[in-house]
Amino acid sequence: MKATEIKEMTVEEMDQKLADLKAELFALRFQLTVGQLENTAKVRAIKKDIARVKTCMREAQGK
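Each step along the sequence shown adds one to the number in my numbering, with nothing skipped, and position 15 is 19.
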(Lines of atoms letter the chains of each structure in order from A and count residues from 1; the text may use other names and numbers.)
(Lines give C-alpha, C1' and ligand atoms only; values in the text may rest on other atoms or scores of the structure.)
Protein backbone atom coordinates (compact mmCIF):
# COMPACT_ATOMS: atom_id res chain seq x y z
CA MET A 1 0.00 0.00 0.00
CA LYS A 2 1.32 3.39 -0.98
CA ALA A 3 1.23 6.47 1.24
CA THR A 4 -0.54 8.40 -1.49
CA GLU A 5 -3.39 5.87 -1.42
CA ILE A 6 -3.69 6.27 2.33
CA LYS A 7 -3.66 10.07 2.21
CA GLU A 8 -6.67 10.01 -0.11
CA MET A 9 -8.72 8.15 2.54
CA THR A 10 -10.86 9.78 5.17
CA VAL A 11 -9.92 9.42 8.84
CA GLU A 12 -12.70 6.85 9.33
CA GLU A 13 -11.43 4.79 6.39
CA MET A 14 -7.90 4.97 7.78
CA ASP A 15 -9.15 3.80 11.15
CA GLN A 16 -10.92 0.85 9.54
CA LYS A 17 -7.84 0.00 7.46
CA LEU A 18 -5.70 0.10 10.61
CA ALA A 19 -8.05 -2.35 12.34
CA ASP A 20 -7.95 -4.66 9.32
CA LEU A 21 -4.16 -4.58 9.18
CA LYS A 22 -3.85 -5.31 12.90
CA ALA A 23 -6.17 -8.30 12.52
CA GLU A 24 -4.13 -9.55 9.58
CA LEU A 25 -0.90 -9.11 11.56
CA PHE A 26 -2.40 -11.12 14.42
CA ALA A 27 -3.31 -13.94 12.02
CA LEU A 28 0.16 -13.90 10.45
CA ARG A 29 1.87 -14.02 13.85
CA PHE A 30 -0.32 -16.97 14.79
CA GLN A 31 0.60 -18.78 11.56
CA LEU A 32 4.27 -18.00 12.19
CA THR A 33 4.11 -19.51 15.67
CA VAL A 34 2.33 -22.64 14.46
CA GLY A 35 4.77 -22.97 11.58
CA GLN A 36 2.30 -22.60 8.73
CA LEU A 37 3.53 -19.27 7.40
CA GLU A 38 5.46 -19.63 4.15
CA ASN A 39 6.19 -15.98 3.35
CA THR A 40 7.71 -14.45 6.50
CA ALA A 41 8.38 -11.16 4.70
CA LYS A 42 4.65 -10.48 4.74
CA VAL A 43 4.80 -9.81 8.50
CA ARG A 44 7.31 -7.02 7.95
CA ALA A 45 5.25 -5.56 5.08
CA ILE A 46 2.11 -5.46 7.23
CA LYS A 47 4.01 -3.74 10.04
CA LYS A 48 5.19 -1.08 7.59
CA ASP A 49 1.65 -0.58 6.29
CA ILE A 50 0.44 -0.11 9.88
CA ALA A 51 3.12 2.52 10.42
CA ARG A 52 2.14 4.30 7.19
CA VAL A 53 -1.52 4.42 8.20
CA LYS A 54 -0.68 5.71 11.68
CA THR A 55 1.58 8.40 10.22
CA CYS A 56 -1.08 9.57 7.77
CA MET A 57 -3.68 9.60 10.54
CA ARG A 58 -1.42 11.78 12.65
CA GLU A 59 -0.88 14.16 9.72
CA ALA A 60 -4.62 14.36 9.08
CA GLN A 61 -5.33 15.17 12.72
CA GLY A 62 -2.75 17.97 12.71
CA LYS A 63 -4.42 19.84 9.86
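Note that beta-carbon positions come from the ideal geometry of N, C-alpha and C, so glycine has one too.
Coil, strand or helix - residue i by DSSP
| i | result |
| --- | --- |
| residue 25 | helix |
| residue 13 | coil |
| residue 36 | helix |
| residue 5 | coil |
Residue range of the unbroken alpha helix (DSSP H) whose run includes residue i
| i | result |
| --- | --- |
| residue 46 | 45-66 |
Closest Cα partner of residue i within the set the options
| i | options | result |
| --- | --- | --- |
| residue 50 | 38, 12, 31 | 31 |
| residue 26 | 66, 63, 62, 48 | 48 |
| residue 24 | 66, 40, 58, 36 | 58 |
Cβ separation of residue i and residue j, assumed to be a contact under 8 Å, to the nearest whole Å
| i | j | result |
| --- | --- | --- |
| residue 56 | residue 10 | 6 Å |
*Determine contact between the stretch 6-25 and the stretch 37-48, defined as no fewer than three beta-carbon pairs at a distance below 8 Å.*
no
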